[in-house]
Amino acid sequence: MSKLSNPQETINVIKKHDFQFKKKFGQNFLIDPHVLDKIVDAAQITKDDFVLEIGPGIGTLTQYLCERARHVLAVEIDKNLIDILAETLSDYDNITIIQGDILKQDIVAISKQYNEGKPIKIVANLPYYITTPIVMELFESRVPLDNVTVMVQKEVAERMKAEPGTKDYGALSLAVQYYAEPYIAANVPPNCFIPRPNVGSAVIRLSCLDKNPVEVKDEKLMFKLIRASFNQRRKTLQNGIANSPELSYSKQDVVAALEKLGISPTIRGEKLSLQEFAALADELKG
Ligand code: SAM
């Protein structure tokens, strides 16, 4: 079987199996070898690694992963792709294919079965509307992770990586950076896929941190404060928090806490670092 990254080969497979693309599963298949190389390079895959691939499609990226990794487990939701994958991956003996929804898999059990419970690498090119919730769920459920390399909408990659005070900085930046160090490995234009998506994409690697970068007494409270601060972006932090239905602090409580921390009471959330949100949460909890 020749490499599917050759666009003609992808078209041949699709025609041969009379495959119909399904929009609801976000099926845009990669056809650019440079992008595929960049994804496997970004994921830092070696022959010692077990890789979980989410959404292999017809197996284009999977072929690259099988070349580099010790073993690959690919979870694909679309039943119509399973026979195709068996064919396109028939040259490899280090692949396991599971038909199913990634949201229903027990990833901790997978890591135990295939990687002795040690941190795994995850690579995914998924429908964009489920990628961020899946990534956050993986982080929050404390699945043992080494890194997660995902294709996301370009703007989402920029938000994940953004620093305080920039226009892209927000709750997603803080949530991601609490668990991982982001690195944008490539920008990927629509013509790298069949069919072409309507938006630009980017490959981002999230290298999971051994330890959260800040210590906070109440993690949940910190994230409530973060959400409240960015829900009303143009409001000051004190107004955002005082107006939040999730919280019961008055403006005076917030002003007092900010003053104690030496932060201006008229500051907006977009200027606060993760360390400052953690300190504010501890002060309010205090
Ligand atoms: N990895 C392939 C590539 O790069 O060419 C295909 C990428 S395509 C954007 C997304 C793939 O994810 C599709 O094959 C789709 O059927 C699959 N998918 C969508 N939702 C899924 C889910 N919840 N669980 C597992 N696979 C899913």
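Numbering (our numbering), first residue to last: 23 to 308.
We put the beta carbon where it would ideally sit given N, CA and C, even for glycine.
The structure displayed is predicted, hence computed values, not measured ones.
Best match in the options for proximity to residue i [C-alpha to C-alpha]
i: residue 180; options: 170, 192 and 146; result: 192
i: residue 225; options: 26, 63, 37 and 44; result: 63
i: residue 214; options: 52, 38 and 35; result: 52
i: residue 125; options: 159, 233 and 73; result: 159
i: residue 48; options: 27, 152, 107 and 55; result: 152
i: residue 231; options: 169, 26 and 110; result: 169
i: residue 83; options: 71, 234, 110 and 70; result: 110
i: residue 220; options: 176, 114, 200 and 250; result: 176
i: residue 87; options: 278, 115 and 106; result: 115
Separation of residue j from residue i, as counted between CA atoms
i: residue 222; j: residue 60; result: 16 Å
i: residue 286; j: residue 257; result: 14 Å
i: residue 127; j: residue 99; result: 11 Å
i: residue 29; j: residue 203; result: 33 Å
i: residue 171; j: residue 228; result: 6 Å
i: residue 253; j: residue 67; result: 38 Å
i: residue 148; j: residue 282; result: 45 Å
i: residue 264; j: residue 44; result: 44 Å
i: residue 313; j: residue 266; result: Residue 313 lies beyond the residue range present for the chain, which begins at 23 and ends at 308; the question has no answer from this structure.
i: residue 198; j: residue 242; result: 15 Å
i: residue 274; j: residue 183; result: 33 Å
i: residue 71; j: residue 93; result: 7 Å
i: residue 138; j: residue 186; result: 38 Å
Residue interval of the beta strand (DSSP E) (run including residue i)
i: residue 88; result: Note, residue 88: premise wrong, no beta strand (DSSP E); alpha helix (DSSP H) at 82 to 90.
i: residue 72; result: 72 to 76
i: residue 223; result: 223 to 230
i: residue 143; result: 142 to 147
i: residue 118; result: 117 to 121
i: residue 204; result: 202 to 210
i: residue 125; result: Segment: none, residue 125 is in no beta strand (DSSP E) and carries neither H nor E.
i: residue 98; result: 93 to 98
Extent of the continuous alpha helix (DSSP H) to which residue i belongs
i: residue 237; result: Per DSSP, residue 237 belongs to no alpha helix (DSSP H) and is neither H nor E.
i: residue 136; result: 129 to 137
Tell me the start and end of each unbroken beta strand (DSSP E) in the segment 150 to 199 that is at least 3 residues and wholly inside, in chain order.
The qualifying runs are 167 to 175.
For the segment 252 to 277, which segments carrying the alpha helix (DSSP H) assignment without a break, of at least 4 residues, lie completely within its bounds, in sequence order?
Those alpha helix (DSSP H) runs which fall completely within the segment 252 to 277 and span 4+ residues are 259 to 264.
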